[in-house]
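Visitor:
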Amino acid sequence: MVKKQLPPLVTSIKSHKLQEINYAYQKSISYSQMSMFNKCPKQWQLQYRDGHMENTSNVHTVFGTAMHETLQNWCDVAFNQSVTAANKINLLDYFWEAFFKDAKKNLTKALPKEEFLAVENDVPTILDYFTKNNGWIFSRGNKKGGKWTLVDIELPVVLSPNFNYSNVVYKGYLDLVFYHERSNQIKIIDIKTSTKGWNKWQKKDDSKQAQLLLYKKFFMEQFNIPMNNIEVEFIIFSRQAKENPYSGAKTHVETFSSFAQGKNKINKAWKQLNNFIIECFETNGKYKDKEYEAKPDKWGCTFCPFKDNKLLCEVGVSS
Ligand code: SF4
1357 MVKKQLPPLV TSIKSHKLQE INYAYQKSIS YSQMSMFNKC PKQWQLQYRD
1407 GHMENTSNVH TVFGTAMHET LQNWCDVAFN QSVTAANKIN LLDYFWEAFF
1457 KDAKKNLTKA LPKEEFLAVE NDVPTILDYF TKNNGWIFSR GNKKGGKWTL
1507 VDIELPVVLS PNFNYSNVVY KGYLDLVFYH ERSNQIKIID IKTSTKGWNK
1557 WQKKDDSKQA QLLLYKKFFM EQFNIPMNNI EVEFIIFSRQ AKENPYSGAK
1607 THVETFSSFA QGKNKINKAW KQLNNFIIEC FETNGKYKDK EYEAKPDKWG
1657 CTFCPFKDNK LLCEVGVSS
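FYI, in the numbering used here the residues of the sequence shown are 1357 to 1675.
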């Protein structure tokens, strides 16, 4: 097969040499850590600083991983071979193989039967919906004509966000990155899975948007690309169909990018991250030696692995 000629920017992104993290004296941080710290600093302390690395996998995380892999593989084949080839993939087989592989690796006990049955019922409908409605991947934002190139899947960004804390290194992976050469536009997509989709409060949640806004900032810095040439977008796959309140049409896939993505919002996201760094690390990269506040809450404690361990967290709310 003739190898496709990649646009120069894509070649340059693909050949970028990443900063290496030396775990002997550097700490790696992520959006998940910051998000956990914002919800309950004590949980972050127990899990990341004190090393009580409890297994937090459950049916939702295994479903999410398998769905990511299935969709990313579809995009890989669609963009690097052809849409026809991608549409010939048996997505259901691919999903279950990824699901059981991740379940075997990460679940410490068997899935409750009713949880598994719920996923088993929902998956064929979601994948069938995706197969019949995937044209939007190619058409969106393509006003100037020309084609989108898939730059990468799980593209890593690795950098020190605050140069006064150079041993604290942010590491993240971008689910899907596309490039539209004619408009010189990059699109960064984060895939989310959810039971019922996102409601308007979830869409307005700054902490959810912060993840993509930070990715945008780091992508700009790592690859030296102007802010206006990068768009970020969530694609939300919901297990239960969501009804459009205006048309009544039901959907399992929703895209969401209608939030401010400019300098102010990026700075706001960066401040959240910077606050996390300053609260948790010394300037040499070592963890701060202090006790962090616990924020018990019925919903927040639900998925916390320490909620029933009174030795580690006295105030956790058991379900
Ligand atoms: S059980 Fe609740 S309060 Fe305790 S660490 Fe976990 S989230 Fe925080």
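Ideal placement from N, C-alpha and C gives every residue a C-beta, glycine not left out.
Note that this is a predicted model, so its numbers are computed, not measured.
Just how far apart, CA to CA, sit His1372 and Leu1511?
Guide: For the pair His1372 and Leu1511, the Cα-to-Cα distance works out to about 11 Å.
Visitor: Under the criterion of a Cβ to heavy atom distance below 7 Å, does Gly1656 qualify as lining ligand 1?
Guide: Within the cutoff, so yes.
Visitor: Report the residue from Ser1563, Lys1663 and Pro1517 whose alpha carbon sits nearest the alpha carbon of Gly1641.
Guide: Of Ser1563, Lys1663 and Pro1517, the residue nearest in Cα terms is Pro1517.
Visitor: For the beta strand (DSSP E) that Ser1384 lies in, which residues bound it at each end?
Guide: Per DSSP, the unbroken beta strand (DSSP E) holding Ser1384 starts and ends at Lys1383 to Ile1385.
Visitor: Excluding sequence positions up to five away, which residues of its chain have a Cβ less than 8 Å from the Cβ of Leu1362?
Guide: Lys1370 and Thr1505
Visitor: CB-CB under 7 Å to Ile1622, same chain, minus the five flanking residues each way: which ones, in chain order?
Guide: Leu1569, Lys1572 and Lys1573
Visitor: Using DSSP bridges, identify the partner residues of Trp1452.
Guide: DSSP, once it has assigned bridges, lists no residue as partnering Trp1452.
Visitor: Do you know offhand how far Ser1563's Cα is from Phe1632's?
Guide: Their backbone Cα atoms lie some 13 Å apart in a straight line.
Visitor: In this structure, does DSSP put Gly1502 in helix, strand or coil?
Guide: coil
Visitor: My parser needs the alpha helix (DSSP H) runs of 4 or more residues fully inside the region 1553–1623; what are they?
Guide: Restricted to the region 1553–1623, the alpha helix (DSSP H) segments that are unbroken, complete and at least 4 residues in length are 1556–1560 and 1562–1579, listed in chain order.
Visitor: Just how far apart, CA to CA, sit Thr1367 and Pro1582?
Guide: Going from the Cα of Thr1367 to the Cα of Pro1582 covers about 17 Å.
Visitor: Measuring only from the beta carbon, is Lys1398 closer than 7 Å to any heavy atom that is part of ligand 1?
Guide: yes
Visitor: How far does the alpha helix (DSSP H) with Leu1473 in it extend, from its first residue to its last?
Guide: Lys1469 to Lys1488
Visitor: Return the first residue and the last residue of the alpha helix (DSSP H) that Ser1368 is part of.
Guide: It spans Pro1364 to Lys1370 - the alpha helix (DSSP H) in which Ser1368 sits, taken as one unbroken run.
Visitor: Spatial neighbours of Thr1639 within its chain, please: C-beta separation below 7 Å, excluding the five flanking residues on both sides.
Guide: Asn1520 and Tyr1521
Visitor: With DSSP as the reference, identify every bridge partner of Lys1543, one or two as the case may be.
Guide: Phe1534 and Glu1587
Visitor: Taking only the alpha-carbon atoms, compute the straight-line gap between Val1513 and Phe1534 and give it to the nearest angstrom.
Guide: 15 Å
Visitor: Given 7 Å as the limit, tell me if Gly1672 has its C-beta closer than that to any heavy atom belonging to ligand 1.
Guide: yes
Visitor: If you check the beta carbons only, do Cys1636 and Lys1644 fall under 8 Å apart?
Guide: Their beta carbons are under 8 Å apart, which means Cys1636 touches Lys1644 by this criterion.
Visitor: Less than 8 Å between the C-beta atoms of His1608 and Tyr1450, yes or no?
Guide: no
Visitor: Applying the criterion that 16 or more other CB atoms from any shown protein chain within 10 Å of the CB defines a buried residue, is Phe1456 buried or exposed?
Guide: exposed
Visitor: Do Glu1610 and Gly1553 come within 8 Å of each other at the CB atom, strictly closer than that value?
Guide: yes
Visitor: Consider the C-beta atom of Leu1318 and the heavy atoms of ligand 1; say whether any pair is separated by less than 7 Å.
Guide: The structure shown does not extend to residue 1318, since the chain spans only 1357 to 1675, so no value can be given for it.
Visitor: Out of Val1479, Gln1617 and Leu1473, which has the shortest C-alpha to C-alpha gap to Ala1597?
Guide: Val1479
Visitor: Does ligand 1 have even one heavy atom less than 7 Å from the beta-carbon of Lys1651?
Guide: yes
Visitor: Which residues in the same chain have their Cβ closer than 8 Å to the Cβ of Lys1527, if we skip the five residues on either side of it in sequence?
Guide: Around Lys1527: Ile1377, Ser1384, Ile1385, Ser1386, Pro1512, Val1513 and Val1514.
Visitor: Report whether the distance from the Cβ of Phe1662 to the nearest heavy atom of ligand 1 is below 7 Å.
Guide: yes
Visitor: Reducing DSSP to helix, strand and coil, say where Ser1550 ends up.
Guide: strand
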